[in-house]
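Novice: One structure follows; several queries about it will come next.
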Amino acid sequence: MTKRQLFWIICLISCLHALVHVFELALPSVQDDLKTHYVTSDTVIGSLSSAFRWPWGLGALLVGFLVDRFGAPPMLLIYLAGCALLCFLISTVPGLNSLFGMFFVLGLFASIYHPAGLALISLKTSPDQRPMALGIHGVFGSAGIALAPLVFALLQTKGMQWQDFFWVLGIIGIAGFIIVFALRSYLSIGPPTQDSGSRA
1 MTKRQLFWII CLISCLHALV HVFELALPSV QDDLKTHYVT SDTVIGSLSS AFRWPWGLGA
61 LLVGFLVDRF GAPPMLLIYL AGCALLCFLI STVPGLNSLF GMFFVLGLFA SIYHPAGLAL
121 ISLKTSPDQR PMALGIHGVF GSAGIALAPL VFALLQTKGM QWQDFFWVLG IIGIAGFIIV
181 FALRSYLSIG PPTQDSGSRA
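Dropping the structure here:
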């Protein structure tokens with residue numbers, strides 16, 4: 001693998017990192033709209049956030065074993081497909097009880113990213129490349145945190161509602177799935193190449 005190819009792979013993985021934080025911050029970005037739409041309280045909306053965050057945190061423990069067993073690229077495909085599907089389902093404006101279940105499952109799928117993405121970056125880079133690669137990865141993650149409310153605000157200026165926001169996130173997730181699937185051969189872990197010592 002050439003230095004250029006490795007650089008773009010790091011950028012791709014980092015984009016998936018940004019996306020997972022957009023999924024994470026999607027609910028806080030629309031919480032006031034959800035409160036109004038479902039005519040409910042801050043306590044209920046806070047509980048809805050907990051329904052996402054418990055599996056988001058604890059699910060990563062199990063995913064670490066799955067990444068060891070099946071590899072990072074397949075797990076990243078599951079992450080993208082699952083998050084996209086759940087965003088599409090949430091955009092259908094389900095009942096409040098169903099919404100709790102959907103955000104719980106969304107948290108499970110989103111929890112896949114960090115064990116899989118970080119493992120892939122670590123395995124695709126050499127020790128001298130890794131600090132720069134992880135730095136790029138971290139910057140993209142921070143950008144994703146900032147992007148979620150920004151994207152929703154931009155959609156609101158176009159007259160779109162919170163359910164449209166989740167529909168757009170579903171489309172982005174499917175696009176990411178297609179890209180990762182098309183490039184899966186480049187993401188597979190093989191023996192080190194002659195360029196493995198080159199800086200990304």
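Numbering (the working numbering), first residue to last: 1 to 200.
Glycine included, each C-beta is placed from N, C-alpha and C at the ideal position.
Tell me, please, whether the stretch 103-122 touches the stretch 152-166 by the rule of three or more beta-carbon pairs shorter than 8 Å.
Specialist: Taking 8 Å as the limit for Cβ pairs, the verdict is that the stretch 152-166 does not touch the stretch 103-122.
Novice: Have a look at Gly46 and Ser14 and give me their C-alpha separation to the nearest angstrom.
Specialist: Taking the first residue of the sequence shown as 1, we reach residue 46 at position 46. Taking the first residue of the sequence shown as 1, we reach residue 14 at position 14. The alpha-carbon atoms of Gly46 and Ser14 are separated by roughly 29 Å.
Novice: Quick check on the DSSP output: what are the complete alpha helix (DSSP H) runs of length 4 or more inside the stretch 21-79, in order along the chain?
Specialist: Segments of the alpha helix (DSSP H) lying fully in the stretch 21-79: 42-70.
Novice: In chain order, what are the residue ranges of uninterrupted alpha helix (DSSP H) at least 4 long that sit wholly in the stretch 107-157?
Specialist: If we require 4 residues or more, the alpha helix (DSSP H) runs fully inside the stretch 107-157 come out as 113-124 and 130-157.
Novice: So, are the CB atoms of Ala116 and Ala72 less than 8 Å apart?
Specialist: Sequence index remark: in the sequence shown, residue 116 carries index 116 (1-based). Sequence index remark: in the sequence shown, residue 72 carries index 72 (1-based). Contact flag set, yes.
Novice: Here's a check: name, in chain order, each residue in its chain whose Cβ is nearer than 7 Å to the Cβ of Ser188, leaving out the five neighbours to either side.
Specialist: Position 188 of the sequence shown, counted from the first residue, corresponds to residue 188. For Ser188, where only same-chain residues beyond five positions count, the Cβ hits under 7 Å are Pro73.
Novice: If Cys87 and Gly170 are in contact, beta carbons under 8 Å, what's the gap, nearest whole angstrom?
Specialist: Start at 1 with the first residue of the sequence shown, and residue 87 comes out as number 87. Start at 1 with the first residue of the sequence shown, and residue 170 comes out as number 170. With a Cβ gap of about 4 Å, Cys87 and Gly170 count as contacting.
Novice: Cβ atoms of Phe52 and Gly107: under 8 Å apart, would you say?
Specialist: In the sequence shown, counting from the first residue as 1, residue 107 sits at position 107. In the sequence shown, counting from the first residue as 1, residue 52 sits at position 52. Contact: yes.
Novice: By the three-class DSSP mapping on this structure, what secondary structure does Ser188 have?
Specialist: Residue numbering aside, residue 188 sits at position 188 when the sequence shown is read from its first letter. DSSP places Ser188 in coil when its eight states are reduced to three.
Novice: Locate the alpha helix (DSSP H) running through Gln161, then write down its first and last residues.
Specialist: In the sequence shown, residue 161 corresponds to position 161, counting from 1. Looking at the DSSP string, Gln161 is not in any alpha helix (DSSP H), and its letter there is neither H nor E.
Novice: Which residues in the same chain as Tyr79 place their Cβ atom closer than 8 Å to its Cβ, once the five residues preceding and following it in sequence are excluded?
Specialist: Taking the sequence shown and counting its residues from 1, one reaches residue 79 at position 79. Cβ neighbours of Tyr79 beyond the five flanking positions: Leu16, Val20, Phe109, Ala110, Ile112, Tyr113 and Ala116.
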